[in-house]
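Working notes, beginning with the structure itself.
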Amino acid sequence: MEIVKPLTQYLAVMLLSPLLPGVINRVKAFFGGRRGQPLLQLYFDLYKLFLKTPVYSRTTTWVFKAGPVVGVSALVAALAVLPFAGRPSFLTFEGDFIFLLYLLGLARFVTVLAALDTGSAFEGMGASREMQFAVFAEPAFFLGLAALARVTGQSSLAGMFGALTGDIWRTAAPVLALLTASLLIVLLAENSRVPADDPNTHLELTMIHEVMVLDHSGPELAYILYGAALKLWLFGSLIACMVLPRHSGSWALNSALFILMMLGMAVAVGVLESIIARLRLTKVPYLLITAFAFSALALIFQMGR
Amino acid sequence: MLLVLLSLIILVLSSAVALCLGRVPSRAQDAGAYGAAAASLAGLFPALRTLLTGNTETVSFPWSVPLGSLTFTLDPLAAFFLVPLFILTGLSAVYGVDYLKGYAGKKPLGLAWGAFNTLTAAMVLVFTAGNAVLFMLGWELMAAASFLLVLFEHEKPQVRRAAFIYLTAGGAGALMLLAAFSLLGAGSAVLDFSSFPSPSRGIASAVFLLALCGFGFKAGFVPLHIWLPEAHPAAPSQVSAVMSGIMIKTGIYGIIRVLGFIKPWEEWWGWTLLIIGAVSCLLGALFALAQHELKRVLAYSSIENIGIILMALGLGMVGVVCGADTLAGLAFAGALLHVMNHSLFKGLLFMGAGSVLHAAGTAELEALGGLAKRMPRTAPLFLAGSAAACALPPFNGFAGEFLVYLGAFRSLNSTGSIALAGMVSGLVLASAGALAAAAFTRAGGTAFLGEPRTARAAAAHEAGPLMIFAMRALALLCLLGGLAGPFLLLPLGTAVASGFGLNFALAATEAATVPFAYVSAGGLILLAMIAIAAAKRRAFLGGKKPAEGVTWDCGYAAPSARMQYGASSFSQPLTDFFQPILRKLGQYPVISEYFPGRASFSTETQAVLYNSLYMPVAVRIRDLAFRFSWLQHGRLQIYIMYIVVTLMGLLLWKL
């Protein structure tokens, strides 16, 4: 019986995450005065891509093919430590968020190597920027989670979010608000959303994540797109767990609420993307340093409490 | 214990045989490599047994040297350093047979093998010595043998320069160690480690500082690291692997040993280690990102990893002083585990870099590229080593850092200095991890992926079978080390108990057992997911034949290697951002017309500390020394007079 709930949660994430980019796109279309693509567009795209025959550059080696495979596997494995509506998944242990952090690092590592394998200047450029932003985003993300660990007195993700109640929000609202802001900035940067990156632009010189995967096609591209959707879910669910502490004792109700919350997250990202402009590339590190400062401030507040 | 002595004897004998057979390079190779491999096998067994049983064995022989005794001690702490030593030197010797083949007839291979086996023997002596005089003998032998190995390609001026910097650093360190041991054993008849009296507080602090500097010159943390990025790349690659993988750890071993003699510790000692470690960790990773030569990248990465180890030790000491046993135990266990893990993956990486050097004749990143096609066996091994160096699961690098993180988080719910220490350590680990990932994707990506940038890289060939074998063995150990976490806790626990105390070992084992099991499970899940995703991909492709073409490059049909992103361009955003620290020199073209002509650009990452801290001091000392040059004129009679005057003076002073 104990295995059923985590398994259901796991499968729900696997199935629902491609919905988030669809929601974001519809919101952006609404702001642009268009109807936009179907909500399920990413599912259709994935289906189509899986059936397609890929094209490989003669420059590339096995690294190019292994990149998407390992990248998506790292994210799927990361889901095993990701709580769902504040409930633990399969792997919940002391320090599990470090494991999560390094799995994300693995996904980035192989994506960057696959990009460099094409020998293309554009993809090299994207890879270089990805690593640059990671240097600023990772400490911010780490410090944010560390602060949360201190607020809740727990050292596993599920423990932290499980212990996060309305009471803590009442007593430590400034700390939690700062952490939410910091996590939100990290989400936008890590998922290559505006203002750090623009998933819609077709000017390669300004892109980061999109430009790294220019040469991928077929099943590999499907893996990459699916991995990106999982990553968006992963970061989004951390924020959703932050702002929606568990209320009722019913698992089904909580889960339904949580999924609604995730869709709300996607709407919020869509709104943000529609109303703010993309930052100049050279300014992105400062945005991430701001996130770091928020996390650090939260930690200092918490230590002083 | 006797087997360890046997391995010492094998090493000394094979070293002598290799030296004598110098005329016949292939024989010398055989003698050296078989000797080193046999010694490894003989030594590995007792070291592993000691780790599993936790017993300490001591043998002692009389020795006529004043203050000395031939006391050898094999305790779990020493065994924990001996295991990577024997693994790495054995495999390096195997690797060296193929690597050095090309030098036969051009270089004195007998001397190289003699020095290599002497270096190994000296390190065994350092780890097992139970007497300060014996320890210093091993220590100086180690410095001398490795100096000879660094000088292997002495016709190159930069190699000679590197070797002399190394010799000077080693000498300075040894002087401080002599002072430290003299202070520790003041008044004793024999300087046995087991008979050091408990020092007074002032003496203990002085010993701590002297040992930190003395061992620091060997361990190579900032600011005592200046020799490391010069000497490691200069040595033959299997020697670089041994030097970076295990020789610099003798410094860490020494610090842990001396810390055992000067208990109880003071809090500022822990903070000193923590801060020096944190600075080394960050600067090492940052400078690794800015290097243009593969082996220099790896050398700076070693500084980063030594920093991690030192920082974990410091965190543990702060924990001990503040009474947080679990934190201290986890930090100590993390430090030791990282010693083991770093020696495995850094050995692998230096061998990979050696294969590149061997195949392409250069390890300059901007001259490489596309080696994954030309060296299909080496490339995955190097990339696996890189992933381990970035502490990415499922490789071993993650396990040690994870223990330090666990320790750091144990401090979160306490207050005061210990919470601060934990927070700083965790943050530094996370930041350095991101920098290291940038450095290693850059190094691996430019060397192995894309198109070759020069004809030499295009003509590269695969490494020899013995080289591949040694690298495969290390890569396998890196993977196993990442997955076998729960099984490592027993040997780790005995080592922590022998080095720091039983209570820390028990606390760490108890705290780490469950998380380590989960990390291993997570690693296995990851591998399973990779297998499933790869199988799915193959199923989707079915029988379809993928099309081939040029890299798309946004529609440009004739991409060339010159258009690729190079190592400097890859790291430029970060190195520009950290320019106030890196202070790289560069010349950039200024484009003022619409149709610019030929342009060139150059950057150089200088050794900032060497130029701005050491050189001015060295110049001052030299100038001062020149004032007394009239004392030194080459006339033997007057030198003898100096001796007589000194002896007379001593005699008068004694009266």
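Protein chains in written order, with the working numbering: chain A, 757 to 1061; chain B, 30 to 684.
Even for Gly, the Cβ is constructed at its ideal location relative to N, Cα and C.
Query                                                                                                                        : Result
Delimiting residues of the beta strand (DSSP E) encompassing B:A576                                                          : 576-578
Minimum length 4: unbroken alpha helix (DSSP H) runs contained in the region 628-671 of chain B                              : 644-656
Residue-chain proximity (A:F853, chain B), Cβ-Cβ < 7 Å                                                                       : no
The region 570-585 of chain B contacting the region 795-815 of chain A, beta-carbon criterion three pairs below 8 Å          : yes
Reference B:L495, options B:A71, B:F110, B:S121, B:L34, closest by Cα                                                        : B:S121
Endpoints, the beta strand (DSSP E) within which B:L342 is located                                                           : No beta strand (DSSP E) contains B:L342, which is instead part of the alpha helix (DSSP H) from 323-350.
Chain A within 7 Å of B:N425, Cβ atoms only                                                                                  : no
Partners in chain A for B:A467, counting only beta-carbon separations shorter than 8 Å                                       : M887, Q888, A890, V891
Inter-residue Cα distance where the pair is B:G245 and B:T157                                                                : 20 Å
Under 8 Å from the C-beta of B:E480: neighbouring residues of chain A                                                        : T815, G875
Beta-carbon proximity check, B:K278 vs B:S331, cutoff 7 Å                                                                    : no
Chain-ordered chain A contacts of B:N442 [CB-CB under 8 Å]                                                                   : R906, G909
Beta-carbon proximity list for A:D801, same chain, < 8 Å, skipping 5 on both sides                                           : A978, L981
Per DSSP, cross-strand counterpart(s) of A:Y812                                                                              : B:E577
Reduced DSSP secondary structure (H/G/I, E/B, other) of B:N442                                                               : coil
Minimum Cβ-Cβ distance from B:P137 to chain A less than 7 Å                                                                  : no
Min CB distance B:T634 to chain A below 7 Å                                                                                  : no
Residues that DSSP places opposite B:V88 in a beta bridge                                                                    : B:F101
Distance between beta carbons of B:Y434 and A:G851, contact taken as under 8 Å                                               : 6 Å
B:A484 and A:V825 closer than 7 Å at C-beta                                                                                  : no
Chain-ordered neighbours of A:E850 on chain B, where CB pairs are closer than 8 Å                                            : L435, F438, A540, V543, P544
Minimum C-alpha distance to A:S876 - residue among A:L899, A:T848, A:T816                                                    : A:T816
C-alpha gap between B:G399 and A:K821, whole angstroms                                                                       : 16 Å
Residues sharing a beta bridge with A:R843, DSSP                                                                             : A:F840
Boundaries of the beta strand (DSSP E) in which B:L614 is found, first to last residue                                       : 614-616
Below-7 Å beta-carbon distance, B:G578 vs any chain A residue                                                                : yes
Chain B contact for A:M757 (CB, 7 Å cutoff)                                                                                  : Unreliable positioning characterises A:M757 in this predicted model, as indicated by a pLDDT of 49, which lies under 50. The coordinate reading is nonetheless provided below. Not an interface residue.
Three-state secondary structure (DSSP) of A:D953                                                                             : coil
C-beta contact flag for B:D221 and B:T100 at 7 Å                                                                             : yes
Reduced DSSP category for A:N1112 - H, G, I as helix; E, B as strand; rest coil                                              : The structure shown does not extend to residue 1112 of chain A, since chain A is modelled only from 757 through 1061, so no value can be given for it.
Which of helix, strand or coil DSSP assigns to B:D127                                                                        : helix
Cβ neighbours of A:S845 in the same chain (closer than 8 Å, five flanking residues each side left out)                       : P762, Q765, Y766, L835, A836, V837, L838, P839, A914
Contact set between A:Y858 and chain B, taken where Cβ atoms lie within less than 7 Å                                        : A420, L421, P422, F427
Chain-order list of residues whose beta-carbon lies under 6 Å from that of B:I285 (same chain, five-residue window excluded) : G528
Buried or exposed (CB count within 10 angstroms, at least 16 for buried), B:T538                                             : buried
B:F427 and A:S911 closer than 7 Å at C-beta                                                                                  : no
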